[in-house]
Structure formats: structure tokens, C-alpha cells
Amino acid sequence: MSTECQIVDVLADTGSMYWQRWCERNERGLALLSAEQIAQSQRVFSLSDFIAESCINNTGLLNDIWQSGLLSQVSRTAHVEAHLSELLTACDSEPALLRTIRKFRRFHMCIIAWRELLQLAQLTESFTHTSHLADRLIEGALAWLYQLQCKEQGTPVNPEGVKQQLVILAMGKLGGGELNFSSDIDLIFTYPEAGETVGAGRTVTNQKFFQRLGQRLIAALHQVTADGFAYRVDMRLRPFGDSGPLVMSFNAFEEYYQNQGRDWERYAMVKARALGGNAETRVELEKMLRPFIYRRYVDFSAIDALRNMKAMIKADVRRKGLKDNIKLGSGGIREVEFVAQTFQLIRGGREPVLQIKSLLATLKVLQSLGEISAESYTVLTESYCYLRQVENILQQINDTQTQTLPQSALDRSRLISVLGYADWDSFYVHVYQVMAAINREFSQVIGGDDEDNEESQPALDLWHLELSTAEVVTLLAEYGLTQQDAQTFAQDLNHFKSDYARKTVGPRGRQTIEKLLPKLLFSILKADDPVALLPRIIALLLKILNRTAYLELLVENDLALTQLLRLCGASPMVAKQLSSHPILLDELLVPSHLYHPTPLHEYRSELRQFMLRIPEEDQEQQLEALRQFKQTQLLRIAATDIAGELALMKVSDHLTWLAEAVIDNVVNLAWQQLEEKHGIPHNVVETGEKGFAVVAYGKLGGIELGYGSDLDLVFIHNCETAGMTNGAKEIDSRQFYLRLAQRIIHIFSTRTSTGILYEVDMRLRPSGNSGVLACPVSRFLDYQSKEAWTWEHQSLVRTRIVYGDKLIQKRFNEVKRSILAKPRDTAELQKQVVEMRLKMRNHLLNVNAEQFDIKQSAGGITDIEFMMQYIVLNHAAQIPKLQLWPDNVRIISRCVAEGLISQTLGADLTASYCQMRDEIHRLNLLGKKGIVANSEFTAQRKVVTDYWQQLFAVG
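By the count of our numbering, the sequence shown reaches residue 961 at its end, each step adding exactly one.
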């Protein structure tokens with residue numbers, strides 16, 4: 007039987023199966039259909055699970071589709087507007103609104119898919135109707151909810167009494183009017199001016215009004231009900247992402263983009279299109295954003311920005327192991343978008359005709375301006391439309407957001423049947439020819455990947471030949487290795503050869519290994535310590551033997567290979583990190599990124615941008631992405647540290663700010679997941695805040711984080727009264743905060759393929775391990791005042807809020823000040839501090855007489871920390887400024903400024919502390935414990951022990 011016959015059979019069987027199920031539930035409806043309608047229905051059922059299941063599970067839907075007459079109409083937008091208006095007018099409650107929206111969308115999406123799958127519609131028709139339907143549902147739901155909320159809270163007005171309305175920026179393909187069939191909708195909410203509501207008993211600010219309205223609109227579109235959902239709503243493109251307010255006034259909006267807007271946000275804003283509001287405010291908003299998007303000069307910097315974005319996408323494809331992805335892969339849909347938007351960003355400021363949303367229209371303008379040739383226009387337009395058609399068909403099969411060619415025989419048959427191919431291979435070859443043509447055009451505009459295909463080094467006999475030990479020793483002598491080192495080197499290499507021989511590696515992978523190993527060995531033998539370096543590299547190779555993309559990366563990029571050897575040679579810690587997380591190899595490609603860690607204040611925005619690529623509903627990928635971001639940033643910090651470009655204090659600053667950015671994202675992620683299920687706690691419904699804070703203790707609190715530091719955290723909230731959340735599945739508000747804490751810890755500690763995010767230690771919370779995971783601020787104060795031990799007050803010295811709303815931050819700081827400033831008996835305080843220090847040393851110190859533990863031995867770092875904590879607790883009542891800083895260096899500096907210790911002693915303590923911390927830090931990079939010979943740091947230890955004896959009068 008031919009392939010074509012097999013395809014017909016499998017589709018016919020599928021169509022018959024679905025049709026039989028429909029008939030079983032719709033006996034009356036069957037009698038209303040003609041033979042031609044039945045045949046066409048069976049055909050479309052065979053092509054789309056979405057249409058079939060929708061018709062089967064929604065009685066009357068199929069008959070309604072046929073009776074509407076819309077299947078034969080090319081333009082249906084007027085009908086959509088009129089019919090939707092009637093249906094929304096009839097809605098008398100929010101549940102009715104949600105039900106109407108979902109049923110209306112399903113009806114019209116079935117028609118859109120039906121016409122395209124049966125080749126009754128051109129691609130542009132599908133674009134128009136899919137985008138128009140989304141526009142009308144968004145604006146219709148917004149108008150209905152706005153009227154309802156005005157009745158409840160009054161009408162929002164500006165100070166002059168002018169009514170204010172929510173304006174929505176539709177981003178991405180929706181903004182461009184070219185929405186794909188099953189797509190997220192990226193939205194941003196804003197409103198013109200601040201003010202208050204009028205016309206109701208209780209006024210609220212415009213900010214609170216529109217925040218609540220935005221939440222309701224998202225629920226109306228996004229919430230899963232018995233009727234499903236309408237659209238997955240993604241709000242992460244808004245200013246500050248998930249950590250930012252849901253809505254902003256025009257003024258705040260403009261200030262953000264003028265002062266903090268990033269290159270990727272310029273790129274995203276090219277397609278931004280205003281919905282809602284009124285014509286005047288929509289025009290005002292787009293006009294306000296125009297100077298941010300389009301520069302008055304010819305802006306060639308856009309090429310570099312887009313090239314970097316493409317490199318990030320390519321790395322992401324490699325990380326996720328994506329194959330056959332027609333959107334993100336080489337030559338995919340995204341590359342056409344990059345070509346068009348590159349010219350828009352470069353020349354749009356000087357050529358207003360380029361300031362348009364539609365990609366197809368942009369390509370046409372570019373040809374008319376002579377920016378691309380007629381041939382390039384044809385290639386890009388036809389190739390783009392072809393891939394978008396493939397994408398639509400893939401998504402119409404089951405209303406799922408996918409751009410990956412299918413693996414199942416049924417879905418492959420559906421795809422090639424619609425497109426008219428006789429077999430899968432013919433289609434597969436053609437789709438990659440199309441993508442190759444796009445990639446050629448993309449490379450001309452953006453620039454291709456940096457490649458260097460020259461043979462790097464002659465093949466080494468060491469790899470290709472089976473040499474005797476004597477021959478190996480002789481060969482390696484040329485590189486200065488002693489006989490013992492040569493034997494060790496050969497032994498490690500032979501073990502790798504043996505392991506490699508047993509591995510199942512494909513032909514392409516083995517071919518790449520044969521190119522890589524001679525080149526790699528030659529470079530290792532030129533390193534300062536090849537015997538130490540080889541096993542570190544082997545550990546990495548064993549992890550990536552079956553990941554040909556990474557092997558090829560090292561073969562084709564000498565720069566990446568050089569950075570790999572440099573970093574692994576300098577630090578076993580970095581070598582272990584790279585072997586544990588091979589995805590980090592992509593970072594080696596661009597030294598300008600690798601050796602320039604993210605500026606401190608940009609960690610949050612960088613993480614936000616990184617997370618935008620992950621669908622909000624894909625929690626597993628979100629966990630992976632957080633870990634990948636952390637590991638990537640950690641590598642950049644370590645690389646810059648190894649290069650000698652970061653002082654110790656700066657390293658800690660970077661590690662601390664990175665951790666804070668991660669905490670910020672984790673809390674927002676956990677909150678979002680709980681809010682979808684339970685709504686928000688009663689105590690923050692009107693504030694728009696979360697009423698939750700993360701208190702950092704220890705090294706994170708003291709801004710002294712190291713490479714292997716865990717996070718000492720305590721969670722507090724301001725829910726002091728009983729109440730319930732406001733979601734569909736309401737729970738006690740205090741239970742919400744407990745679950746929030748549990749969810750946060752889960753996100754941090756879940757072990758994925760990339761490991762855990764951070765070790766989190768919660769033992770410093772009130773009542774330790776027996777205490778609740780998140781307590782009210784009042785309970786925190788009560789515990790610290792009445793139950794806490796002195797060592798817990800010592801710990802409080804090194805605390806600060808690393809996540810939290812302003813109100814709860816203020817309350818915590820008041821609690822902290824009141825506890826630290828409590829009057830204390832000096833003798834009793836001395837006794838308790840000394841006893842705790844001795845107890846800790848007896849428990850943690852494990853060295854012999856010839857060793858010095860830099861942290862725990864007498865005269866070490868912990869002694870300095872205890873002395874500073876003692877001084878703060880003993881003097882804070884009289885000298886409140888001692889509480890200003892949580893880190894030891896600035897506490898010492900404040901003690902000097904207040905005359906508690908001399909300037910000379912302060913300088914000596916600071917120097918001793920920093921020098922010992924620096925050594926621990928260096929040992930961490932080398933993968934060693936913080937233990938040195940007892941002859942080390944004698945001068946520094948004397949400074950510390952002398953002051954300890956003076957401070958505590960130890961005889």
C-alpha cells in the first residue's frame with residue numbers, strides 16, 4: 007500500500023471514530039445535516055481533535071456552525087462584533103460573562119480552523135479573524151467589567167473630573183494583527199491619569215480601581231472554568247515584570263521607558279498596539295512610546311542588540327534540546343521577525359512609514375524603500391507565510407501552543423494532508439529548504455554565527471594511537487611533564503578512552519569527538535598544570551558525549567575552548583559547575599559577557615527578561631529557568647573574580663544581589679501560583695500589595711554571601727486578623743501565607759536536572775524548627791521581646807528585608823530597632839555571648855594542632871562577628887546609628903566613628919577580617935575548606951584575640 011493510501015486510511019478511521027461519537031450524542035442534530043455537510047464534517051474531524059472534541063462535548067455546536075452560514079464567508083468581522091455585543095448585553099453576572107466569552111471564542115475558533123484546514127481560507131484571513139476575535143473579546147470583557155466596577159466603586163476621574171479608562175497594550179503577534187491560532191496574549195495595562203473614583207459611597211484611588219479591574223479582566227480571559235479558558239494571558243512584559251504593579255499611569259509608564267527601558271523592550275514595543283480606552287488616549291499612549299522605540303538618528307546599535315537576542319534564543323534552543331522547531335530554530339519564524347524589526351529599529355525614526363505593526367506590511371515597505379531586494383522580499387514573505395501556515399495547522403490540531411513538528415504518525419498525516427504532500431519525507435525536506443532560505447536572508451542582515459572551521463591543531467598521537475607507558479612518557483616529556491606526571495596523565499586519558507568506547511555515541515558525535523580531542527589535548531598540555539586540568543575536563547566531556555551540539559560548540563569556537571580551559575584550570579569549583587551544568591558552555595562564546603557580570607541593580611530586570619521566555623503555566627520549565635539563570639550569573643561572577651577584576655567585597659555584592667533577584671522572582675512566582683487557585687488574602691485586597699516579607703539573616707543579611715553560602719531566611723506577613731482569600735477556592739488568609747512559604751521553599755529546594763536553586767535554612771524563625779514557616783509581624787515582635795535567646799538577638803543584628811512591601815518593611819525595621827535597643831545588663835550580656843561562642847566552637851571546630859580554621863578557631867572570623875554583635879546589643883540603646891548596617895565592616899567603621907574603638911584598632915580589625923575572608927574565598931574557588939596551616943594569619947589572630955580579651959575581660 008502506498009504512503010498516500012495509508013494517510014487516507016488513518017485519517018478516515020480517525021474521522022469515522024469521532025463522527026460515531028458525535029452521532030451517539032446528537033441523534034436529532036444528525037437529521038438536520040445534508041450528506042455533503044456530513045462528509046465535510048467527518049473530514050474536518052479527522053484533521054482536528056479540537057474541532058471534533060468541541061462539537062462532541064458541546065451539544066448543538068456543529069449544527070450551529072452549519073446553520074450560521076459563516077463557513078462560506080470570507081469576512082466575518084461585522085458578524086462577530088454585532089453578535090458579541092448582543093451576548094454581552096445579556097450577561098447578568100461575572101460567571102455568565104466568563105461562560106459567554108469561552109463559548110463565543112470556541113465557536114469562532116472552530117470556524118477559523120475549519121476554513122483553514124479545508125483550504126477554504128487564505129493565511130491572511132486567519133490572521134485577521136483570529137486577531138479581531140481576540141481584540142473584541144478583550145475589549146468587550148473590559149467594557150462589561152468596567153461598568154460593573156463603576157457601580158461598585160464609582161467612576162475613576164482625574165483631578166479635573168474627566169473620566170479615566172483602562173488602556174491595554176496588545177503586544178507580540180496580537181499587536182501586529184497576525185495572531186497565531188493558539189497563542190498566549192501578551193498584554194500591558196495602563197491608564198491616563200491619577201485621581202479617585204466618584205459616584206459611590208466609598209472612594210478608591212484610580213490605581214486601586216484599575217488594578218482590581220485588571221485582575222478581573224485577566225480572570226475573565228485566563229481562568230479555567232467548566233467551559234475551559236479563553237486566552238492564556240501573559241503580563242510579564244509590563245514594566246518591572248511580575249514584581250511590578252499590574253497597572254501604571256501614563257506618567258509612570260513614560261518615566262520607566264525613558265529611564266529604564268531595555269533593548270529587548272524596544273524590540274517588543276515595535277508591535278505594541280493600544281486597545282480599550284478611547285481613540286484619544288490610545289493615540290496619546292502610542293505617541294508617548296514612539297521616542298523610546300524609534301530613534302531620531304539611524305540606529306545601527308539595534309543590529310547588535312538583536313544579534314544578542316538571537317544568540318540567547320539559540321542557546322535556549324540548545325538548552326531545551328528543541329528539535330524541528332519552526333519558530334525558534336535556525337531559519338524559523340523568529341528570524342523573519344528579526345529581519346523586519348531590525349530595519350524598523352534602525353531606520354524607523356527617520357522613516358515614519360516603517361512605524362507599523364504588521365510584519366508582512368513591514369516587509370512590503372522595506373522593499374519599496376529599497377532596503378531589501380525584490381528577491382529577498384519574495385523569499386521572506388513566501389517563506390514566512392508557509393511557516394505560519396504550518397504553525398497554524400499544528401495548533402489547530404488540538405488548540406495547543408506548539409511550533410514543533412509532530413512525532414505521532416496521525417498528526418504527521420494530518421499536517422501533510424492539509425498541505426498536499428504525498429509523504430512526510432517530501433514535506434520535511436521542503437520545510438528545511440524554506441528555513442535555510444530564511445537563514446540566508448537573516449545572516450545577510452543580522453550576521454551569521456561566528457565560525458572558524460580551520461583545523462586547530464594536528465592530530466596528536468596521544469589520542470589516535472595505543473601507546474605504551476614508555477612511549478607516553480617520552481611523548482609528554484616534550485611538554486615538560488615528569489615521568490610520574492606523565493603516567494598520571496596517561497592513566498586519566500586511558501580511563502576516558504575506555505569509558506568513551508563503552509558509551510553509545512552516534513556517528514555525528516564520534517566524528518566531532520575525533521576533531522575535538524586532539525585539539526583539546528594539545529591545549530591542555532600547554533596549560534600551567536595539565537595533570538590537574540585533564541580530569542576536570544574529562545568530567546565535563548563524559549557529561550556531554552551524547553550532546554553533540556556542545557561538542558560542536560567546542561570544536562567550532564576556539565574562543566570558547568580557550569575560556570573553558572582557563573576557568574577550569576584556575577578553579578575546580580568552576581570546573582565542577584560546568585560539568586554539572588553543561589548548558590553554561592554557551593556563556594563561553596562571548597567573553598564580553600562572561601567577564602562582565604550583570605550590574606548590581608540590573609539582576610532583577612535581567613532575570614525578568616530571562617523568565618519571559620518560559621510559559622507561565624509551565625511550572626517545571628520555570629524551575630529549570632531559575633536554576634539556569636543563577637548558574638549562568640554565578641559563572642560570570644566567578645570568571646570575573648578569577649580574572650582579578652572583582653575585589654572580594656564586590657564579589658559578595660554580586661552574589662548577594664543575585665540571590666535577592668532570585669528571591670524576588672521566586673516569591674512572585676509562588677504568589678502567582680497560589681493567587682490563581684485561591685485569590686489573594688483579605689488584608690491586601692484593597693492595597694495591591696502582598697503584605698509579605700522575606701527577612702535575610704547571616705551572610706545574605708550581612709551582604710557577605712560566598713559562592714557556597716546557603717540562605718538564612720525568615721518569612722513574616724501582616725495578616726493580623728481573621729479573614730479569607732477572595733478566589734474561587736477560598737482559604738484562610740493566614741493559611742495562604744503558610745502555603746506561600748511552603749511553595750517558596752519548594753521552588754528553592756526541588757531538585758531538578760539542574761539541581762536545587764539554593765539551600766534555604768529556616769531555623770532562625772521564631773521557635774526554630776517547631777515554629778510556623780510564616781508568622782505575623784506582631785508574633786515576631788512578641789517572640790523577640792519575650793522568648794528569644796541572646797544569640798537570636800545577635801543574629802538579628804545581621805538582618806535586613808530583601809523582599810517586601812514598604813509598609814511591612816517599615817514595621818519590621820521598627821521591631822528590629824526596638825529589640826536591638828533594649829537596655830541590657832553588660833555583665834550578663836558578656837557572659838551569654840562568650841558562652842555561646844565557646845559552645846559553637848566546641849560543636850563546629852574540627853582541626854588538629856597544626857591547623858587553623860579561618861572561621862571557627864580562636865582569633866578567626868566568627869570571633870570578630872560575635873564582638874561586633876555584642877557591641878551593637880550593648881550600645882544600641884544609647885547609639886542608635888550602630889543599627890544602620892548589617893555587615894561587619896561597616897559596623898566596625900561605625901564603632902570607630904562613635905568612639906567605641908580606636909581608629910587604629912578599627913583598621914586592624916577590618917584588615918584582619920577582610921584578609922581572612924579573602925583567603926576563605928580563594929579556597930572556595932579551589933574547592934577547598936577554609937582551613938590553613940597554624941602558622942598562617944598569626945598577626946591577624948593576635949589582633950582579634952587581644953581585643954576579645956579586652957572586650958570580655960577574659961583572664
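We put the beta carbon where it would ideally sit given N, CA and C, even for glycine.
Given residue i, which residues of its chain have a CB within under 6 Å of its CB, disregarding the five upstream and five downstream residues?
i           : result
residue 112 : 60
residue 246 : none
residue 581 : 542 and 574
residue 302 : 355
residue 298 : 263 and 267
Evaluate residue i with the Cβ neighbour count: other Cβ atoms within 10 Å of its Cβ, from every protein chain shown; 16 or more gives buried, anything less gives exposed.
i           : result
residue 607 : exposed
residue 220 : buried
residue 257 : exposed
residue 40  : exposed
residue 901 : buried
residue 918 : buried
residue 186 : buried
residue 101 : exposed
residue 73  : exposed
residue 38  : exposed
residue 884 : exposed
residue 75  : exposed
residue 595 : buried
residue 569 : buried
residue 116 : buried
To the nearest whole angstrom, what separates the beta carbons of residue i and residue j, a pair I think is in contact under 8 Å?
i           : j           : result
residue 411 : residue 498 : The Cβ separation is near 42 Å, so there is no contact.
residue 551 : residue 509 : 5 Å
residue 226 : residue 151 : 7 Å
residue 16  : residue 419 : 5 Å
residue 123 : residue 54  : 6 Å
residue 761 : residue 585 : Residue 761 to residue 585, Cβ: 12 Å. No contact.
residue 657 : residue 669 : At roughly 19 Å, the Cβ-Cβ gap does not stay under 8 Å, so residue 657 and residue 669 are not in contact.
residue 875 : residue 803 : 5 Å
residue 213 : residue 200 : 7 Å
residue 118 : residue 132 : 6 Å
residue 375 : residue 440 : 25 Å between Cβ atoms; not a contact.
Checking the sheet assignment: what are the DSSP bridge partners for residue i?
i           : result
residue 351 : Residue 351 is not bridged to any residue.
residue 202 : 163 and 211
residue 971 : A query on residue 971 cannot be resolved here, the shown segment of the chain reaching from 7 to 961 and no further.
residue 284 : Bridge partners of residue 284: none, in fact.
residue 767 : 718
residue 401 : BP columns for residue 401 are empty, so no partner.
residue 279 : 176
residue 196 : 173 and 254
residue 191 : 239
residue 234 : 231
residue 916 : Residue 916 pairs with nothing; no bridge assigned.
residue 410 : 331
With a threshold of 7 Å on Cβ separation, who are the neighbours of residue i within its own chain once the five nearest residues in sequence on each side are excluded?
i           : result
residue 406 : 188
residue 465 : Low local confidence applies: a pLDDT of 35 at residue 465 is under 50, so the model's placement there is unreliable, with the coordinate-based value given in what follows. Around residue 465: 524.
residue 690 : 696 and 697
residue 50  : 57, 120, 123 and 124
residue 300 : 354, 355 and 361
residue 243 : 177, 192, 194, 274 and 618
Residues in the same chain with beta-carbon distance under 8 Å from residue i, minus the five sequence neighbours each way, listed in chain order, please.
i           : result
residue 751 : 766, 768 and 779
residue 103 : 94, 97, 147, 150, 151 and 226
residue 822 : 802, 805 and 889
- Message: As an exercise, report each continuous alpha helix (DSSP H) stretch of at least 4 residues that is fully enclosed by the segment 920-961, in chain order.
- Response: 944-958
- Item | Ranges of the alpha helix (DSSP H) found wholly within the segment 750-812, counting only runs of at least 4 | 783-792 and 796-803
- Whole runs of the beta strand (DSSP E) within the segment 669-746, excluding any shorter than 3 residues: 698-703 and 717-723
- Hey, which unbroken runs of the beta strand (DSSP E) at 3 residues or more fall wholly within the segment 835-859? 857-859
- Query: Which whole runs of the alpha helix (DSSP H) in the segment 586-626 are 4 residues long or more, in chain order?
  - Reply: 597-600 and 609-617
- Item | Length at least 4, wholly inside the segment 70-132: the alpha helix (DSSP H) runs in chain order | 83-95 and 100-123
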